[in-house]
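Student:
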Amino acid sequence: MIQKLQIGFIFIIMYVSLNHLFYPDLILQLTNYGHWGVVFCQGLLQLFLIWIYIKGLSYFPQQDVIDICLKIGKPIAFILLIPFVISLTVLVTINNRLHTDVIISIFLPRTPSWPVLVLLFFITTYIALTGLGTILRASFFIFFMVIPLLLMITFTSFINIDWYNAAPIRPPSINFLIEKNFFYLMGYSAFLPLGFMVYKTALTFRSIFLAWMCVMFFSLSSVYIPLLIFGQESAISLTFSMVRAIYTVDVDWFFLNKQSMFLGLSLIGFTVILNAVLLWVIGRIMQKLLRWIKVEISYWIIAFSVVAFLGALMVPSLAWTERIFFWSVGAQVFFMIIIPLTIYIYGFIIKRRTAFYEEG
Amino acid sequence: MKRVKALMMLMFLVTFLSGCWDIKDIDKRVLPLVIGISKVNNEDYKVTVQIPITKKDGEISRIVTSIDENVSSALGQIKTNSENAVDYSHVRLVIIQSDLSDNKEELKQLVTFLMTSREFPTNAQLAFTDVPIEELLSNINDKLGVDSTSLYDFFNKGAGWAPEILSTRIWEVYRSMFSYTEDITIPIVDPGKDTVINYKGAVALKLGELTQRIDPNETQLIKLFQNKNAKGKIENVGFASVMVTSSAIENKTLIESNKPVVSINVKLKIHVLEREAGISNERIKKDLEKLIEERFNKMFEKAQENKTDIFGFGQYFRNQIPYDDLKKWREGYYPDLKVDFQVHTSME
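Line order of the protein sequences matches chains A and F. Each residue of the first sequence is one higher than the last, beginning at 1 in the UniProt record's numbering. Each residue of the second sequence is one higher than the last, beginning at 1 in the UniProt record's numbering.
(1) Restricting to runs no shorter than 3 residues, where is the beta strand (DSSP E) found entirely within the region 267 to 352 of chain A?
(2) Please name the residue in F:ALA248, F:GLY208, F:LEU273 and F:ASN265 whose C-alpha comes closest to that of PHE239 of chain F.
(3) Helix, strand or coil: how does DSSP classify THR48 of chain F here?
(4) How many angstroms separate the CA atom of ALA159 of chain F from the CA atom of THR245 of chain F?
(5) Could you spell out where the beta strand (DSSP E) holding TYR199 of chain F opens and where it closes?
(6) Mind checking if ASP250 of chain A is an interface residue toward chain F, Cβ cutoff 8 Å exclusive?
(7) Just to confirm, is the Cβ distance from TYR180 of chain F to GLY278 of chain F under 8 Å?
(8) When you compare each of A:THR124, A:ILE86 and A:SER241 to TRP327 of chain A by their alpha carbons, which one comes out closest?
(9) Find the residues of chain F that neighbour PRO171 of chain A, judging by a C-beta separation of less than 8 Å, and give them in chain order.
(10) Our contact map puts residue 367 of chain A next to ALA190 of chain A with C-beta atoms below 8 Å; I'd like the distance itself, whole angstroms only.
(11) Apart from the five residues on each side of it in sequence, which residues of its chain come closer than 6 Å, Cβ to Cβ, to LEU120 of chain A?
(12) Inspect the beta-carbon positions of PRO316 of chain A and ILE52 of chain A and report whether they are closer than 8 Å.
(13) Decide if MET216 of chain A is buried, meaning its Cβ has at least 16 other Cβ atoms within 10 Å, or exposed.
(14) Output yes if chain F places a C-beta closer than 8 Å to the C-beta of GLY264 of chain A; else output no.
(15) Does ALA312 of chain A come within less than 8 Å of chain F when only Cβ atoms are used?
(16) What first and last residue would you give for the beta strand (DSSP E) that runs through HIS344 of chain F?
(17) Could you give the C-beta distance for ARG284 of chain A and ILE66 of chain A, rounded to a whole number, given that I count them as a contact under 8 Å?
(18) So the candidates are F:PRO52, F:ALA6, F:PHE120 and F:MET243; which of them puts its Cα closest to the Cα of GLY131 of chain A?
(19) Three-state secondary structure (DSSP) at GLY312 of chain F?
(20) In chain F, which residues lie with their C-beta within 7 Å of the C-beta of ALA167 of chain A?
(21) Assuming contact is defined by CB atoms lying nearer than 8 Å, are residue 379 of chain F and MET347 of chain F in contact in what I supplied?
(22) Please classify LEU273 of chain F: does DSSP put it in a helix, a strand, or coil?
(23) Hey, is residue 354 of chain F's beta-carbon within less than 8 Å of any beta-carbon in chain A?
(24) Going along the UniProt domain "Spore germination GerAC-like C-terminal" (205 to 347) of chain F in order, which residues come within less than 7 Å of chain A, judged by CB to CB distance?
(25) May I ask you to verify whether the region 68 to 79 of chain A touches the region 337 to 351 of chain A, counting CB pairs closer than 8 Å and requiring at least 3?
(26) With DSSP run on the structure shown, which of helix, strand or coil describes ILE161 of chain A?
(27) Beta carbon of ALA245 of chain A, beta carbon of PHE262 of chain A: below 8 Å?
(28) So, at 7 Å on beta carbons, what are the nonlocal neighbours of ASP215 of chain F in its own chain, with the 5 sequence-adjacent residues on each side left out?
(29) To the nearest angstrom, how far is it from the Cα of THR168 of chain F to the Cα of THR219 of chain F?
(30) Could you tell me whether any Cβ in chain A is nearer than 8 Å to the Cβ of GLU83 of chain F?
(31) Just list the residues that DSSP pairs PHE128 of chain F with in beta bridges.
(32) At what residues does the alpha helix (DSSP H) containing MET213 of chain A begin and finish?
(33) Closer than 7 Å, Cβ to Cβ, to anything on chain F: give me those residues from the region 1 to 34 of chain A, in chain order.
(34) State whether the region 284 to 304 of chain A contacts the region 164 to 184 of chain A, with contact taken as three or more CB pairs (one from each stretch) at a distance under 8 Å.
(35) Assuming GLN63 of chain A and TYR199 of chain A make a contact with CB atoms under 8 Å, what is their CB distance in whole Å?
(36) Does THR122 of chain F come within less than 8 Å of chain A when only Cβ atoms are used?
This is the structure we're talking about:
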């Protein structure tokens with residue numbers, strides 16, 4: 001039971017960590033009104049993919065995505081998983097870089113980005129090295145430390161909101177479904193790593209569904225806080241509109257009147273866990289795929305973490321981070337669709353075949 | 001082996017988590033509270049910073065000036081020339097001189113800079129002034145026994161704060177420069193003869209352009225529409241003076257043959273402070289209602305003429321007008337807007 005709960009927590013943490021930066025900006029650019037419609041469409045599409053994923057994985061109890069891919073065939077596993085590892089590394093890179101920029105803008109305006117990067121690098125690598133069990137347990141604590149902070153940020157931002165800014169509330173036509181940015185939105189996904197943890201505990205759709213509802217709440221709040229505070233017209237002109245919106249909150253009576261501090265703290269907590277999970281997934285894939293090399297998983301994790309760190313260090317500016325992010329998101333969307341579908345179809349065929357044999 | 005690795009990792013963390021990068025201790029820092037921005041020779045920006053000196057009972061402040069091509073480099077120059085670290089993250093008030101605020105493009109650029117700058121708090125307040133900024137800032141030091149934070153205290157809501165004083169924040173100004181349906185008013189201040197500051201009312205800003213001046217008396221109404229309480233305001237009806245103890249505002253909107261109509265009901269609870277002999281409560285109520293209604297109608301008429309939506313009526317119609325038409329709110333709909341404004345008062 002605890003395991004299921006932990007997986008739910010880690011699902012929420014990974015989503016929310018990504019969601020507070022680009023997600024609101026993308027939604028605001030995608031539609032001028034009725035934003036909740038877009039958020040729900042995107043959420044439902046993801047839920048559908050998650051359902052396929054869980055259904056597919058349920059055909060193979062006690063096996064994770066790597067085992068299943070190896071079962072299909074070694075070449076398939078290589079073709080599918082090695083690019084996946086690369087895209088995950090890019091994701092870790094961007095994550096490090098983005099959150100470094102946000103941390104600097106909130107806490108340390110005069111510090112160069114590399115010391116912050118070094119810090120993030122060491123913490124995440126260390127957590128990743130400790131293994132899945134520790135990550136899951138840590139996520140438990142981080143969740144209970146950070147979610148109250150996030151809720152507090154959400155509710156204190158009510159001071160500045162103007163409900164009229166949400167109008168018109170009627171969702172627009174569904175033309176946004178075919179837009180490129182909507183496609184990018186799909187890339188905000190954190191469910192793929194779950195498939196690599198299932199050798200410990202089975203995923204159930206119900207627990208993920210509950211976690212998904214929490215994620216929807218945070219997605220909606222991350223879109224609507226900047227929208228209600230700034231209004232559509234000015235919110236689209238800002239980068240990281242959510243962070244900007246939190247900046248405006250001035251709670252004089254509170255012992256810390258800078259709400260953005262809390263946002264910064266929660267983002268650090270979340271991003272560390274997210275990166276640790278991604279690095280652990282990378283390490284596990286490499287170890288299992290290249291079994292003949294006989295290298296411990298920790299060396300793979302360190303190697304890829306160093307690559308991600310150097311990558312983050314070399315990104316010259318935020319504009320570049322954005323560009324790389326969009327490239328990598330394209331790859332993410334590809335894997336989000338391909339991996340669940342492959343597993344589902346393969347599982348389905350295997351099941352049909354065994355059923356056929358049992359009959360015959 | 002594993003333990004050694006963990007230990008090494010911890011050692012790194014100890015080194016990097018100690019938390020001291022380029023930090024100057026608090027006693028080596030100065031925290032400007034007020035920044036004034038103006039132009040010299042129509043070209044360079046002049047930035048004046050008022051820094052309270054904490055050592056001497058908080059009563060003295062220093063004024064530092066710098067002139068450069070743009071605001072950020074002028075701010076940077078102050079940093080360079082200061083013996084202590086200058087930390088702008090605690091600025092609470094930005095005062096802009098009217099020669100700069102009259103220029104639409106420059107004002108827009110300035111507000112955008114203040115909004116997007118990393119070091120600047122976006123919830124600092126913004127005010128305009130007609131007099132040279134140094135005069136305003138040095139006025140604080142000239143007044144005997146006045147605290148160096150008084151400029152900020154003036155705008156800060158708290159005990160004994162005059163309710164008609166508007167407080168407009170940088171992010172609100174930024175928002176209004178993009179908004180299709182809402183304009184904003186910014187307070188104007190002068191140095192007072194006997195007091196530090198003299199409140200001169202406000203100015204309406206339409207997409208970065210100044211359109212009209214508003215009396216100190218009238219700004220109260222704007223606050224009411226921003227849903228802030230009008231509590232504490234003292235009104236003089238001629239034969240009596242009353243204090244508003246609480247206020248509420250309700251609105252109904254509809255669109256009649258493509259013309260927007262708003263009916264507004266303001267409910268005020270009043271408390272009579274003094275009256276001439278023989279004046280009934282009813283008469284005071286009626287006169288006060290008439291006074292406020294007239295004040296509103298005068299203000300609204302002027303605002304409509306200037307196509308400046310200072311009360312933010314457009315916000316009410318966001319759900320009733322198609323989004324693409326909202327762009328035309330100021331030019332197309334607002335001039336036809338009919339407002340039925342009614343005040344209801346009750347005695348305490």
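We put the CB at the ideal spot given by N, CA and C, even for glycine. All figures in this text were calculated on a predicted structure; none of them were measured in a lab.
Tutor: Judging by the given coordinates:
(1) The qualifying runs do not exist here; there are none.
(2) With distances taken between Cα atoms, PHE239 of chain F lies closest to F:LEU273.
(3) When secondary structure is reduced to three states using DSSP, THR48 of chain F falls in the strand class.
(4) Caution applies to ALA159 of chain F, whose pLDDT of 44 falls short of 50 and renders its modelled position unreliable; the value that the coordinates give is listed next. THR245 of chain F has its alpha-carbon roughly 15 Å from the corresponding atom of ALA159 of chain F.
(5) 197 to 206 is the extent of the beta strand (DSSP E) around TYR199 of chain F.
(6) Using a CB distance cut-off of 8 Å, ASP250 of chain A counts as an interface residue toward chain F.
(7) No, Cβ-Cβ distance for TYR180 of chain F and GLY278 of chain F is not below 8 Å.
(8) It is A:ILE86 whose Cα lies nearest to the Cα of TRP327 of chain A.
(9) Within chain F, not a single residue places a beta-carbon under 8 Å from that of PRO171 of chain A; the smallest gap is close to 12 Å.
(10) There is simply no residue 367 of chain A to check, as chain A begins at 1 and stops at 360 in what is shown.
(11) Its chain contains ASN96 as the residues whose beta carbon lies nearer than 6 Å to that of LEU120 of chain A, once the 5 sequence neighbours on both sides are disregarded; these appear in chain order.
(12) Not closer than 8 Å, so no.
(13) Taking a 10 Å sphere around the C-beta of MET216 of chain A, we find 16 or more other C-beta atoms and assign the residue as buried.
(14) So, not an interface residue.
(15) Judged by the 8 Å Cβ criterion, ALA312 of chain A is not in contact with chain F.
(16) Start and end: 338 to 347.
(17) Separation of the CB atoms of ARG284 of chain A and ILE66 of chain A is rounded to 7 Å, and the pair is thereby assigned contact status at 8 Å.
(18) When the alpha-carbon of GLY131 of chain A is set against those of F:PRO52, F:ALA6, F:PHE120 and F:MET243, the nearest one is in F:ALA6.
(19) In the structure shown, GLY312 of chain F sits in coil (DSSP, three-state: anything other than H, G, I, E or B).
(20) Going along chain F in sequence order, the residues near ALA167 of chain A (Cβ under 7 Å) are ARG318 and ASN319.
(21) Past the edges of chain F, shown from 1 to 348, lies residue 379 of chain F, and the structure says nothing about it.
(22) Residue state, collapsed to three classes: strand.
(23) In this structure chain F extends from 1 to 348, so residue 354 of chain F is not present and cannot be described.
(24) Residues GLN315, TYR316, ARG318, ASN319 and TYR323.
(25) Flag = yes, the region 68 to 79 of chain A and the region 337 to 351 of chain A touch.
(26) Coil, per DSSP.
(27) No. Outside cutoff.
(28) These residues qualify, in order along the chain: GLY201.
(29) Between the alpha carbons of THR168 of chain F and THR219 of chain F lies a distance of about 12 Å.
(30) It does not; no Cβ of chain A falls within 8 Å.
(31) PHE128 of chain F pairs with F:ILE96 and F:ILE188.
(32) Note, MET213 of chain A: alpha helix (DSSP H), 205 to 230.
(33) Of all residues in the region 1 to 34 of chain A, ASN32 and TYR33 have a Cβ within less than 7 Å of some Cβ in chain F.
(34) Segments in contact, no.
(35) Indeed, because the Cβ distance is near 7 Å, the residues count as touching under 8 Å.
(36) Taking a beta-carbon distance threshold of 8 Å, THR122 of chain F counts as an interface residue toward chain A.
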